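Respectively, the protein sequence lines represent chains A and B. With this note's numbering applied, the first sequence covers 4 to 441. With this note's numbering applied, the second sequence covers 4 to 441. In what follows, a structure is listed as structure tokens, so that the remarks can point back to it.
There are 2 protein chains.
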Amino acid sequence: MKDIFAGLIGFGTIGTGVIKLLRENEELIRKRLGARLVIKKIADVDIETPRSIPVEREQLTTDVNEILMDKDISIVVELVGGCTHAKTFVLDAIRNGKHVVTANKALIATYGNEIFDAADDGKVNIGFEASVGGTIPIIKTLKESLAGNNIESIFGIMNGTCNYILTKMTSEGRDFASVLKDAQDLGFAEADPTYDIEGVDTAHKLAIVLSLSYGKRVELDSIYREGISEINQQDIEFAGELGYTIKLLAIAIRRGETIEARIHPTMIPFDHILASVNGNYNAFHLVGDASDSVFLHGQGAGMMPTASAVVGDMIDISRDIIAGIWRRVPLRSYKKEGIKDIKLLAMDDVKTNYYLRFAAVDRPGVLSAISGILGSYNIGISSVIQKEKKLERNAVPLVLTTYKAREKDVQMALKEIDKLDVVLGKTTLLRIEDDTLR
Amino acid sequence: MKDIFAGLIGFGTIGTGVIKLLRENEELIRKRLGARLVIKKIADVDIETPRSIPVEREQLTTDVNEILMDKDISIVVELVGGCTHAKTFVLDAIRNGKHVVTANKALIATYGNEIFDAADDGKVNIGFEASVGGTIPIIKTLKESLAGNNIESIFGIMNGTCNYILTKMTSEGRDFASVLKDAQDLGFAEADPTYDIEGVDTAHKLAIVLSLSYGKRVELDSIYREGISEINQQDIEFAGELGYTIKLLAIAIRRGETIEARIHPTMIPFDHILASVNGNYNAFHLVGDASDSVFLHGQGAGMMPTASAVVGDMIDISRDIIAGIWRRVPLRSYKKEGIKDIKLLAMDDVKTNYYLRFAAVDRPGVLSAISGILGSYNIGISSVIQKEKKLERNAVPLVLTTYKAREKDVQMALKEIDKLDVVLGKTTLLRIEDDTLR
Numbered sequence: 004m005k006d007i008f009a010g011l012i013g014f015g016t017i018g019t020g021v022i023k024l025l026r027e028n029e030e031l032i033r034k035r036l037g038a039r040l041v042i043k044k045i046a047d048v049d050i051e052t053p054r055s056i057p058v059e060r061e062q063l064t065t066d067v068n069e070i071l072m073d074k075d076i077s078i079v080v081e082l083v084g085g086c087t088h089a090k091t092f093v094l095d096a097i098r099n100g101k102h103v104v105t106a107n108k109a110l111i112a113t114y115g116n117e118i119f120d121a122a123d124d125g126k127v128n129i130g131f132e133a134s135v136g137g138t139i140p141i142i143k144t145l146k147e148s149l150a151g152n153n154i155e156s157i158f159g160i161m162n163g164t165c166n167y168i169l170t171k172m173t174s175e176g177r178d179f180a181s182v183l184k185d186a187q188d189l190g191f192a193e194a195d196p197t198y199d200i201e202g203v204d205t206a207h208k209l210a211i212v213l214s215l216s217y218g219k220r221v222e223l224d225s226i227y228r229e230g231i232s233e234i235n236q237q238d239i240e241f242a243g244e245l246g247y248t249i250k251l252l253a254i255a256i257r258r259g260e261t262i263e264a265r266i267h268p269t270m271i272p273f274d275h276i277l278a279s280v281n282g283n284y285n286a287f288h289l290v291g292d293a294s295d296s297v298f299l300h301g302q303g304a305g306m307m308p309t310a311s312a313v314v315g316d317m318i319d320i321s322r323d324i325i326a327g328i329w330r331r332v333p334l335r336s337y338k339k340e341g342i343k344d345i346k347l348l349a350m351d352d353v354k355t356n357y358y359l360r361f362a363a364v365d366r367p368g369v370l371s372a373i374s375g376i377l378g379s380y381n382i383g384i385s386s387v388i389q390k391e392k393k394l395e396r397n398a399v400p401l402v403l404t405t406y407k408a409r410e411k412d413v414q415m416a417l418k419e420i421d422k423l424d425v426v427l428g429k430t431t432l433l434r435i436e437d438d439t440l441r
Numbered sequence: 004m005k006d007i008f009a010g011l012i013g014f015g016t017i018g019t020g021v022i023k024l025l026r027e028n029e030e031l032i033r034k035r036l037g038a039r040l041v042i043k044k045i046a047d048v049d050i051e052t053p054r055s056i057p058v059e060r061e062q063l064t065t066d067v068n069e070i071l072m073d074k075d076i077s078i079v080v081e082l083v084g085g086c087t088h089a090k091t092f093v094l095d096a097i098r099n100g101k102h103v104v105t106a107n108k109a110l111i112a113t114y115g116n117e118i119f120d121a122a123d124d125g126k127v128n129i130g131f132e133a134s135v136g137g138t139i140p141i142i143k144t145l146k147e148s149l150a151g152n153n154i155e156s157i158f159g160i161m162n163g164t165c166n167y168i169l170t171k172m173t174s175e176g177r178d179f180a181s182v183l184k185d186a187q188d189l190g191f192a193e194a195d196p197t198y199d200i201e202g203v204d205t206a207h208k209l210a211i212v213l214s215l216s217y218g219k220r221v222e223l224d225s226i227y228r229e230g231i232s233e234i235n236q237q238d239i240e241f242a243g244e245l246g247y248t249i250k251l252l253a254i255a256i257r258r259g260e261t262i263e264a265r266i267h268p269t270m271i272p273f274d275h276i277l278a279s280v281n282g283n284y285n286a287f288h289l290v291g292d293a294s295d296s297v298f299l300h301g302q303g304a305g306m307m308p309t310a311s312a313v314v315g316d317m318i319d320i321s322r323d324i325i326a327g328i329w330r331r332v333p334l335r336s337y338k339k340e341g342i343k344d345i346k347l348l349a350m351d352d353v354k355t356n357y358y359l360r361f362a363a364v365d366r367p368g369v370l371s372a373i374s375g376i377l378g379s380y381n382i383g384i385s386s387v388i389q390k391e392k393k394l395e396r397n398a399v400p401l402v403l404t405t406y407k408a409r410e411k412d413v414q415m416a417l418k419e420i421d422k423l424d425v426v427l428g429k430t431t432l433l434r435i436e437d438d439t440l441r
């Protein structure tokens, strides 16, 4: 029986999971592959601290070149993270004719073009299923199963930390800061949570998904992005009253030749299946022009779910190696000659429904002043909630939802409204996706 | 640019969808594939009736041999349905060295072994993604993405007609017969609905999914099967009171070396994501030993969703053809030498939770008589609902749910209970899946 040798760079949680999985399911994988998938070397800066799974001393090294230069090794698994060392290791592996499997979303989102070009030149494959949505087969579904479809829209819950926090805030009525602290204590959130809660992680994932759906790398900075740190109980409660739940969504919608792409907290209807995504799960709601909606849900992170995706890619690449080919599906699912730039719609030109919460002085004429300004910007009001409950300085919360309106118009109207004497403080704006979500 | 020629046998709804999709997304597919995917011939007994998409007269034939014998054609798409002609066409195509794409679940479930063996001998590939779950990438996910996992359990809603009927019965409080009639009028259900509502269609799909997960064809008759025609409003209401909703589930659970496989109406908790599957959607909740749960949801039938899966398979096979190989993933995801028989657990030995509704005479001592018999069979009671509402003959509905019990014990206990003077008529039994559903 043939042996396929791999080397692992980065022996942290995921790396340990990969070793564990390959060991525990060795026989199963051999039966599926018709070959043995063997980790020949594991490189890490720390080879002293014992991991949860025992490894032979001679399998370990602190020198990545023992992997990168090993002629037996055909697959390099990069689990270092970050974009400095990881990038060097991946490019070196490619240059040495080795296939690469990585869970590194920042690397693929930021340096995808460079890495994919190098892989094309070097005739090697890059497996990056684990970089988006952990265990969820989103990459393979976009590149292969839905290959006959134009992707009309993608609505994704791509960050488990944010979804955990929003779920707890909604079900337990607690505030952002206290739930964040819990998440940190439980290890779901980092000590510095910015990367997760401000939507940076989500932007990396959306950029990858966009490039698989529409063909080219997207500049990360061109994706509009808002995080969840400003969400409060008042808005969660009003959302509930209106029949919505609040999720941090990554959204991509095909608008002819341009693509609308944005990340922000979003109100979605209770009865849409995305509203059932709770806790630290991730989910992707894709609509293809033929497939209609395809909804994928699972653990977006964690030791074994991520290891499952890494090993899935290793098996995929091994099947190519056994078949004597180096790759059969283009890295972005498009042949290089078919790739064109993705034009993103400017956020100003996005049209959606809005939830606006004003802190209004409880006095006649306020609603008329606000709705007058909205009207002058062509923004129609679809519902109004006014509560008697007093806020500070004699203000009451006034909630309006709008018909489809243009982002620029809404922002300009709010600028004007926030200058009114009868409006105290900055108005809260949240976007509602309703009929856009099939 | 290379042309890959395909022939289509069966120009019905799905066939028309395939032609439409290949035509409308021709450029997209060419960009992804680096080749043109061309339908050279379409065979059907009826080539006179115009379809919703126009086709050149010379592309049509009533003689399948014009496809099966055409040396240019490398992919035969079988959309005839049934197991007689379809089987002959598929085997002839294989013998002539042609790859096959089919949406025919009955054929794969019944003659999978024979067809797959022939395909191995003939060095051709069989694409059957469309045969289970329509647009949902369940086949590819099991064969490729989750290839490193032992599949611990599969809970699937695999029949859209049943799910539509149960959803309407639940949301509108209507009875089975009236909703079935609606479904027939809307074209969701056949004039003779037996195949759908008695779970035969679901059994075909579960058999295919079992063979991909565990390696060998399963005898259809060995899968325990109950349909939905006995479900009534009373049980739907009691289920709601207990926090459950009723779905027709196909269930497979790995129990060491044996597999538990069964199809029946099942109570599942409201807050489980499978309970959010409404209308005519299909869904699969898979648990791998590493991946944890992976949940896939989409249209299980329909012209374009099914065409999407067929075209996905055509692209997949074309990518192999372009790479110069005939197949890289074994048809059941296991190499032939790794395939062993699947041992199914006898239904008698299944252990689960039960919902039992008795029509009990409203008289002291009844609960004690019933619970006494249950106790003598080691069946523990976890909850009781007794209503004052009278049924016919002075009976009241008495509902018990049980802790985990063995099917055989429950059946024997019910036989004894149904003989009691204080129990009128046959007791209703439904199974509850709660903690088995992660």
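For each residue, glycine too, the CB sits at the ideal point set by N, CA and C. Bear in mind the structure is a predicted one, so any value in this text is a computation, not a measurement.
Open item on the list: Please return the same chain residues whose Cβ sits closer than 6 Å to the Cβ of residue 308 of chain B, not counting the five positions on each side in sequence.
Closed with: Locating residue 308 of chain B in the second sequence gives position 305, where the first residue counts as 1. For residue 308 of chain B, where only same-chain residues beyond five positions count, the Cβ hits under 6 Å are 137, 138 and 302.
- [ ] Just the chain A side, please: which residues come within less than 7 Å of residue 258 of chain B by C-beta, in chain order?
- [x] Numbered from 1 along the second sequence, position 255 holds the residue referred to as residue 258 of chain B. Per Cβ cutoff of 7 Å: no residues; residue 258 of chain B is ~17 Å from chain A at best.
- [ ] Report yes or no: do the stretch 30–44 of chain A and the stretch 106–120 of chain A share at least 3 C-beta pairs separated by less than 8 Å?
- [x] no
Open item on the list: Any beta carbon from chain B within less than 8 Å of residue 341 of chain A's own beta carbon?
Closed with: Stepping through the first sequence from its first residue, residue 341 of chain A is reached at position 338. Judged by the 8 Å Cβ criterion, residue 341 of chain A is in contact with chain B.
Open item on the list: Does the structure place the stretch 330–340 of chain A close enough to the stretch 118–129 of chain A that three or more beta carbon pairs sit under 8 Å?
Closed with: yes
Open item on the list: So if DSSP puts residue 302 of chain B in a beta bridge, which residue, or which two residues, is it bridged to?
Closed with: Looking up residue 302 of chain B in the second sequence gives position 299. In DSSP, residue 302 of chain B forms a bridge with B:284.
Open item on the list: Counting only Cβ pairs nearer than 7 Å, list the residues of chain B close to residue 323 of chain A.
Closed with: As a position in the first sequence, residue 323 of chain A is number 320, starting the count at 1. Simply 331.
Task: Which of helix, strand or coil DSSP assigns to residue 272 of chain A - done: Within the first sequence, residue 272 of chain A is the residue found at index 269, counting from 1. If DSSP states are grouped into helix, strand and coil, residue 272 of chain A belongs with the strands.
TODO: Could you list which residues in chain B have their beta carbon closer than 9 Å to that of residue 147 of chain A, in chain order?
DONE: Position 144 of the first sequence holds residue 147 of chain A. Near residue 147 of chain A (Cβ distances below 9 Å), the residues of chain B are 140, 143, 147, 315, 318, 319 and 322.
TODO: In angstroms with no decimal places, state the Cα-to-Cα distance between residue 88 of chain B and residue 62 of chain B.
DONE: To locate residue 88 of chain B, count along the second sequence from 1; it is residue 85. To locate residue 62 of chain B, count along the second sequence from 1; it is residue 59. The alpha-carbon atoms of residue 88 of chain B and residue 62 of chain B are separated by roughly 21 Å.
Task: Same chain, Cβ closer than 8 Å to residue 35 of chain B, neighbours up to 5 away in sequence not counted - done: To locate residue 35 of chain B, count along the second sequence from 1; it is residue 32. 318.
Task: Run of the alpha helix (DSSP H) containing residue 212 of chain A, from where it starts to where it stops - done: Residue mapping note: residue 212 of chain A aligns to position 209 of the first sequence, counting from 1. Per DSSP, residue 212 of chain A belongs to the alpha helix (DSSP H) from 203–217.
Task: Nearest-angstrom beta carbon gap, residue 163 of chain A and residue 191 of chain A [assumed within contact, 8 Å] - done: Walking along the first sequence from the start, residue 191 of chain A turns up at place 188. Walking along the first sequence from the start, residue 163 of chain A turns up at place 160. Yes, residue 191 of chain A and residue 163 of chain A are in contact; Cβ-Cβ is about 7 Å, under 8 Å.
Open item on the list: Contact between the stretch 246–256 of chain B and the stretch 264–282 of chain B is defined here as three or more beta-carbon pairs at a separation below 8 Å; is this criterion met?
Closed with: yes
- [ ] Going by DSSP, name the residue or residues bridged to residue 153 of chain A.
- [x] If you number the first sequence from 1, residue 153 of chain A lands on position 150. None, per the DSSP bridge assignment.
Task: Selection of the stretch 259–278 of chain A by Cβ proximity to chain B, strictly under 7 Å - done: 276
Task: In DSSP terms, what residue 130 of chain B is bridged to - done: Walking along the second sequence from the start, residue 130 of chain B turns up at place 127. DSSP lists B:104 as partners of residue 130 of chain B.
TODO: Starting from residue 181 of chain B, trace the alpha helix (DSSP H) both ways and give me its first and last residue.
DONE: Indexing the second sequence from 1 puts residue 181 of chain B at position 178. Per DSSP, residue 181 of chain B belongs to the alpha helix (DSSP H) from 179–188.
Task: Spatial distance of residue 133 of chain B from residue 141 of chain B (CA atoms) - done: Counting from 1 along the second sequence, the entry for residue 133 of chain B is found at position 130. Counting from 1 along the second sequence, the entry for residue 141 of chain B is found at position 138. The alpha-carbon atoms of residue 133 of chain B and residue 141 of chain B are separated by roughly 9 Å.
Open item on the list: What would DSSP say about residue 159 of chain B, mapped onto helix, strand or coil?
Closed with: For the purposes of this step, residue 159 of chain B is identified with residue 156 of the second sequence, where counting begins at 1. In this structure, residue 159 of chain B counts as strand in the three-state DSSP scheme.
Open item on the list: My output table needs one value for residue 408 of chain B: the three-state DSSP class, helix, strand or coil.
Closed with: The residue you call residue 408 of chain B lines up with position 405 of the second sequence. Looking at residue 408 of chain B - three-state DSSP - the assignment turns out to be strand.
TODO: With a cut-off of 8 Å on the beta carbons, I'd call residue 435 of chain A and residue 358 of chain A a contact; round off their distance for me.
DONE: Working through the first sequence from its first residue, we reach residue 435 of chain A at position 432. Working through the first sequence from its first residue, we reach residue 358 of chain A at position 355. Yes, residue 435 of chain A and residue 358 of chain A are in contact; Cβ-Cβ is about 6 Å, under 8 Å.
- [ ] Could you work out which residue in A:398, A:351, A:323 and A:45 is closest to residue 129 of chain A when comparing CA atoms only?
- [x] Translated into the one-based positions of the first sequence, residue 129 of chain A becomes position 126. Closest by alpha carbon: A:323.
Task: For residue 6 of chain B, the first and last residue of its enclosing alpha helix (DSSP H) - done: Within the second sequence, residue 6 of chain B is the residue found at index 3, counting from 1. Premise fails: residue 6 of chain B lies in the beta strand (DSSP E), 5–12, not in any alpha helix (DSSP H).
Task: residue 40 of chain B beta carbon less than 8 Å from that of residue 7 of chain B - done: Numbered from 1 along the second sequence, position 4 holds the residue referred to as residue 7 of chain B. Numbered from 1 along the second sequence, position 37 holds the residue referred to as residue 40 of chain B. It is a contact, given that the beta carbons lie within the stated cut-off.
Task: residue 78 of chain B to residue 313 of chain B span [Cα, whole Å] - done: Counted from its first residue, the second sequence places residue 78 of chain B at position 75. Counted from its first residue, the second sequence places residue 313 of chain B at position 310. Using only the alpha carbons, I get a separation of about 11 Å.
Task: chain A contact for residue 178 of chain B (CB, 8 Å cutoff) - done: As a first step, residue 178 of chain B must be located in the second sequence, where it is residue number 175. For residue 178 of chain B, the answer is no, since every Cβ of chain A falls outside 8 Å of its Cβ.
- [ ] Buried or exposed for residue 406 of chain A, please, with buried defined as at least 16 other CB atoms from any protein chain shown within 10 angstroms of its CB.
- [x] In the first sequence, residue 406 of chain A corresponds to position 403, counting from 1. Exposed is the call here.
- [ ] Kindly identify the DSSP beta-bridge partner or partners of residue 356 of chain B.
- [x] By 1-based counting over the second sequence, the position of residue 356 of chain B is 353. According to DSSP, residue 356 of chain B bridges with B:435.
TODO: Write down every uninterrupted run of the beta strand (DSSP E) in the stretch 219–249 of chain A whose length is 3 residues or greater and which is fully enclosed by it, in chain order.
DONE: none
- [ ] Answer yes or no: does any C-beta atom of chain B fall closer than 8 Å to that of residue 53 of chain A?
- [x] Residue 53 of chain A sits at position 50 when you count from the first residue of the first sequence. Closer than 8 Å: no.
Task: Span separating the alpha-carbon of residue 293 of chain A from that of residue 310 of chain B - done: For the purposes of this step, residue 293 of chain A is identified with residue 290 of the first sequence, where counting begins at 1. For the purposes of this step, residue 310 of chain B is identified with residue 307 of the second sequence, where counting begins at 1. So the alpha carbons of these two residues sit roughly 7 Å apart.
Open item on the list: Looking at chain B, is there any beta carbon in it that lies within less than 8 Å of the beta carbon of residue 296 of chain A?
Closed with: The residue labelled residue 296 of chain A in the question sits at position 293 within the first sequence. Yes, its Cβ sits closer than 8 Å to a Cβ of chain B.
Task: First and last residue of the uninterrupted beta strand (DSSP E) at residue 200 of chain B - done: Your numbering for residue 200 of chain B matches position 197 in the second sequence. That residue, residue 200 of chain B, is in no beta strand (DSSP E); its alpha helix (DSSP H) goes 197–200.
Task: Cutoff 6 Å; reference residue 97 of chain B; Cβ partners in own chain excluding five residues on either side - done: In the second sequence, the residue the question calls residue 97 of chain B occupies position 94. Excluding residues within five positions, the ones whose Cβ falls inside 6 Å are 121, 122, 125 and 127.
- [ ] Could you name the residues of chain A that residue 128 of chain B contacts, counting a contact when the two beta carbons are closer than 8 Å?
- [x] As a first step, residue 128 of chain B must be located in the second sequence, where it is residue number 125. Chain A residues near residue 128 of chain B: none, gap ~12 Å exceeds 8 Å.
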